[in-house]
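All residue numbers for the sequence shown refer to the working numbering, where the first residue is 4 and numbers rise by one.
I have placed the structure first, in the form of structure tokens, so that the comments after it can refer back to it.
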Amino acid sequence: MFKASELRQKEIINMSDGKRLGFVSDVEINMETGAIEAIIIPSESKLFRVIAKDNDIVIPWENIKKIGVDVILIDRNSQ
């Protein structure tokens, strides 16, 4: 078990191409169940966090394949 805040310390890597996508900036939580439904990564085009969140990358929880000590492996081809 882990805390949602611990996800922010992990780098996201896409397994299909090995691309480093960044770090988790936020999570989507189902308020009824308390379960995490997705992780959110700031878009690559953002230079400052002042810009709107419209272009953030949302990774559904089912696309997460492995959560390690330092990284989270995802499969973006599953989207």
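Even glycine gets a Cβ: it sits at the ideal position worked out from N, Cα and C.
Owing to the predicted nature of the structure, the values given are computational and were not obtained by experimental measurement.
Where glutamate 40 is concerned, the enclosing beta strand (DSSP E) starts and stops at 39-44. For glutamate 9, the enclosing alpha helix (DSSP H) covers residues 7-10. Closest in alpha carbon position to isoleucine 39, among Ile62, Glu14, Lys22, is Ile62. Taking every protein chain shown into account, the CB of valine 72 has fewer than 16 other CB atoms within 10 angstroms, so this residue is exposed. One Cα belongs to aspartate 20, the other to valine 27, and the distance between them is close to 19 Å.
Apart from the 5 residues on each side of it in sequence, serine 46 sits with its Cβ closer than 8 Å to the Cβ of Asn58, Asp59, Ile60 in its chain, given in chain order.
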